[in-house]
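Written out below as structure tokens is the structure these notes cover.
Protein chains: 2
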Amino acid sequence: MSAKRLTDLSQLCIHTITTKPWNIETAAKEFSAAGVKGITVWRDALEGRDVKKTGQLLRDEGLNTVSLCRGGFFPAKEKTKRDKAIDDNKRAIDTAAALGTQMVVLVCGAEPLQSLEDSRKQIQDGIEMIIPHATGAGIKLTIEPLHPMYADTRSAINTLAQANDMAEKINSPYVGIAVDVYHLWWDPSLEQEIKRCGKNGNLSAFHICDWSVPTIDLLLDRGLMGEGCIPVNKIRSWVEAAGFTGFYEVEIFSNKYWQTDQSQFLKKIIKAYQENS
Amino acid sequence: MSAKRLTDLSQLCIHTITTKPWNIETAAKEFSAAGVKGITVWRDALEGRDVKKTGQLLRDEGLNTVSLCRGGFFPAKEKTKRDKAIDDNKRAIDTAAALGTQMVVLVCGAEPLQSLEDSRKQIQDGIEMIIPHATGAGIKLTIEPLHPMYADTRSAINTLAQANDMAEKINSPYVGIAVDVYHLWWDPSLEQEIKRCGKNGNLSAFHICDWSVPTIDLLLDRGLMGEGCIPVNKIRSWVEAAGFTGFYEVEIFSNKYWQTDQSQFLKKIIKAYQENS
Chain P
2 MSAKRLTDLS QLCIHTITTK PWNIETAAKE FSAAGVKGIT VWRDALEGRD
52 VKKTGQLLRD EGLNTVSLCR GGFFPAKEKT KRDKAIDDNK RAIDTAAALG
102 TQMVVLVCGA EPLQSLEDSR KQIQDGIEMI IPHATGAGIK LTIEPLHPMY
152 ADTRSAINTL AQANDMAEKI NSPYVGIAVD VYHLWWDPSL EQEIKRCGKN
202 GNLSAFHICD WSVPTIDLLL DRGLMGEGCI PVNKIRSWVE AAGFTGFYEV
252 EIFSNKYWQT DQSQFLKKII KAYQENS
Chain Y
2 MSAKRLTDLS QLCIHTITTK PWNIETAAKE FSAAGVKGIT VWRDALEGRD
52 VKKTGQLLRD EGLNTVSLCR GGFFPAKEKT KRDKAIDDNK RAIDTAAALG
102 TQMVVLVCGA EPLQSLEDSR KQIQDGIEMI IPHATGAGIK LTIEPLHPMY
152 ADTRSAINTL AQANDMAEKI NSPYVGIAVD VYHLWWDPSL EQEIKRCGKN
202 GNLSAFHICD WSVPTIDLLL DRGLMGEGCI PVNKIRSWVE AAGFTGFYEV
252 EIFSNKYWQT DQSQFLKKII KAYQENS
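Protein chains in written order, with the working numbering: chain P, 2 to 278; chain Y, 2 to 278.
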């Protein structure tokens, strides 16, 4: 099974962190000039800015603000810390609303000082506590299952099956799931879980990049689509078969690429999007 | 659920690679003097040695040679390479027999230039091709599922469920499974898959160490039990409940510890074994 070649950029979204050396104003201008149609904004990119004005600037550049990254990080041993996380997530929802996007991506968190079971329970509790706020603001909370190598501190949700279980239990139109090929490509049940995710109306976002061979850093060595071993096109075909029609979001953390000329990198992203996604 | 404290060293086995700066003769002497009862031998530790004599040396030190690490690495795009892997696995079986152990651990391999499905099929084919040789030598082939972060080049078998599926399909008394806490701790279905593994008679080995927080290297930054976030004691209780009565094998790759005095490190291993395993 393979997905149709992407001949235009109408579904291409790029995360601000992908071109981290650019500030959001430069990224917006450059993305727009290159024909990119979507942007996902990381919260650090908004620091020191008027969020509403920045949202307007993105719209003026013809960009669709696909989502805000990131809320989450719910688990903690102390209740005061968990309460702080709830407050922070409400702020993320408010920021998203001011920015003019309808989605906040959740990196759910994990607390190495307690069991994964406890962290998972606190994640579900945390999401349920912020749903009223998200509902009021019209923002979808998107659970992103993370690769098992991040189970120590970043997320206790490490497979799409777990994310599906949780989203189905919570059962709210304001909760969805992000499928990121980097985190999930290795999973033998991925195709079937993507089907299930789409069938239940929970497939809200699709993130792409590649797994470098070899990978030399646990966090900051992602590759461009086609540079590694992830079958991005095959996974896209599953996502499309599951009914997904949203943006394909390029999310790459790469010390290597951040050290290069970002205009050249943007050209490479577009080429990789059209030829290897 | 928690497992009984380990008050003696009767089930403690250490991998030669754990104390890599020591040659096998020094390791055997030091392990034995410290009261360790088992050793798992990595093939590199046997280089330039008479394997039978080395096996005798280990027995003379009162050590049980638990297994030989490692065979596997079956997948490849070219048939000639796959044939070479078969030959190498047969040699590993012969080495194990000469050494006087009854188990070869398989790091099954993965080929980033082809799909995981293809690699998985080649793994199963490869194991089936060497079973007659293993049977003749009385050697058990032990499939070790590896952490998903090694799915690019080291193993396409990344969960205990997959290893269980494969061992059950192959259905040979000469095929078993190694449960390594480092690779499997994050899996929400771990307890249930350990039960299944024991019930079907496939639970052949148990490897312990810890996941350092943070982990700074994908391969060589494992921690001592108790230093990280893996619930080693809880997982041991599951393994014991599943009927496992073999050795608890300490397998640590650590640039940090390899740079320290290995006698001191051995003391730390024994302390961590008794206090945090």
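We put the beta carbon where it would ideally sit given N, CA and C, even for glycine. On a predicted model such as this, the values are computed, not experimentally measured, just so you know.
Mind checking whether residue i and residue j have CB atoms under 7 Å apart?
i	j	result
Y:Val180	Y:Val233	no
P:His184	P:Glu252	no
Y:Tyr281	Y:Lys141	Outside the displayed span of chain Y (2 to 278) sits residue 281 of chain Y, for which this structure offers no information.
P:Ala157	P:Pro146	no
P:Thr160	P:Thr102	no
Y:Ile302	Y:Ile217	Since the first residue of chain Y shown is 2 and the last is 278, residue 302 of chain Y is not available in this structure.
P:Ala152	Y:Trp239	no
P:Thr17	P:Ile25	yes
Y:Glu250	Y:Thr41	yes
Y:Glu112	Y:Pro149	no
Y:Lys54	Y:Ala99	no
P:Tyr274	P:Leu13	yes
Y:Arg1	Y:Ala34	Only positions 2 to 278 of chain Y appear in this structure, which leaves residue 1 of chain Y out of reach.
What are the boundary residues of the alpha helix (DSSP H) that includes residue i?
i	result
P:Ala157	Note, P:Ala157: premise wrong, no alpha helix (DSSP H); not H, not E.
P:Lys53	Val52 to Asp61
Y:Arg6	Neither: Y:Arg6 is in no alpha helix (DSSP H) and is coded neither H nor E.
P:Leu185	Val182 to Leu185
P:Lys21	No alpha helix (DSSP H) contains P:Lys21, which DSSP labels as neither H nor E.
P:Tyr175	Here P:Tyr175 belongs to no alpha helix (DSSP H), and DSSP marks it neither H nor E.
P:Thr143	Unbroken run through P:Thr143 is the beta strand (DSSP E), Lys141 to Ile144; no alpha helix (DSSP H).
Y:Glu276	Gln263 to Asn277
Which residue wins for smallest C-alpha separation from residue i, given the options the options?
i	options	result
Y:Pro215	P:Gly139, P:Arg155 and P:Ile25	P:Arg155
Y:Arg71	Y:Val37, Y:Cys109 and Y:Lys235	Y:Cys109
Y:Gly227	Y:Ser213, Y:Thr102 and Y:Ala29	Y:Ser213
P:Phe254	P:Gly73, P:Trp43 and P:Ser3	P:Trp43
Y:Pro189	P:Leu117, P:Thr96, P:Asp222 and P:His134	P:Leu117
Y:Val106	Y:Glu112, Y:Pro113, Y:Leu114 and Y:Ala97	Y:Ala97
Y:Ala135	Y:Glu169, Y:Asp126, Y:Arg92 and Y:Ala111	Y:Arg92
Y:Leu220	Y:Ser205, Y:Asn256, Y:Cys230 and Y:Lys268	Y:Asn256
Y:Lys272	Y:Ile87, Y:Asp61 and Y:Gly36	Y:Gly36
P:Ser68	P:Leu13, P:Thr8, P:Tyr274 and P:Met104	P:Met104
Y:Arg60	Y:Ala29, Y:Ala86 and Y:Ser120	Y:Ala29
P:Lys78	P:Asp119, P:Ile87 and P:Asn90	P:Asp119
Y:Ala162	Y:Lys196, Y:Ser205, Y:Ser173 and Y:Gly139	Y:Lys196
Y:Leu267	Y:Thr27, Y:Met2 and Y:Thr8	Y:Thr27
Y:Gly139	Y:Ser173, Y:Ser11, Y:Asp166 and Y:Met167	Y:Ser173
Output the distance between the C-alpha atoms of residue i and residue j, rounded to the nearest integer angstrom.
i	j	result
P:Gly63	Y:Asn277	57 Å
P:Gly137	P:Ile15	27 Å
P:Ile124	P:Gly73	8 Å
Y:Leu114	P:Gly39	31 Å
Y:Phe248	P:Pro22	52 Å
P:Lys1	P:Gly224	An answer regarding residue 1 of chain P cannot be provided, because it is not within the stretch 2 to 278 covered by chain P.
P:Arg6	P:Gln193	23 Å
Y:Glu31	Y:Asp89	31 Å
P:Leu191	P:Lys235	11 Å
Y:Gly56	P:Gln265	59 Å
P:Asp95	Y:Ser205	53 Å
Y:Trp8	Y:Ile231	The residue asked about is misnamed: residue 8 of chain Y is Thr in this sequence, not Trp. Cα to Cα, Y:Thr8 sits roughly 21 Å from Y:Ile231.
P:Gln222	Y:Ser11	Here residue 222 of chain P turns out to be Asp, not Gln, going by the sequence shown. Their backbone Cα atoms lie some 43 Å apart in a straight line.
P:Ile87	P:Asp126	10 Å
P:Cys210	P:Gly229	9 Å
Y:Met167	Y:Met2	29 Å
Give the range of the beta strand (DSSP E) segment to which residue i is assigned.
i	result
P:Trp43	Gly39 to Trp43
P:Asp222	P:Asp222 -> no beta strand (DSSP E), and no H or E assigned at all.
Y:Phe75	Premise fails: Y:Phe75 is in no beta strand (DSSP E) and is neither H nor E.
Y:Leu204	Leu204 to Ile209
Y:Val105	Met104 to Val108
Y:Val251	Tyr249 to Val251
Using a Cβ-based criterion (distance less than 6 Å to any ligand heavy atom), does residue i qualify as near the ligand SAH?
i	result
P:Cys210	Ligands are entirely absent from the displayed structure, and the ligand SAH is therefore not among its contents.
Check whether chain A comes within 7 Å of residue i, counting only Cβ atoms and requiring the distance to be less than that.
i	result
Y:Trp239	Absent here is chain A; the protein component of the structure consists of chains P and Y.
| field | Cβ contact (3+ pairs, closer than 8 Å) linking the region 124-136 of chain P and the region 193-207 of chain Y | value | no
| said: Using 8 Å as the cut-off, can you tell me whether the region 36-53 of chain P makes contact with the region 75-91 of chain P, which would need three or more C-beta pairs spanning the two stretches below that distance? | reply: No, the region 36-53 of chain P is not in contact with the region 75-91 of chain P.
| message | So, does the region 238-248 of chain Y touch the region 261-272 of chain Y, judging by three or more C-beta pairs under 8 Å? | response | no
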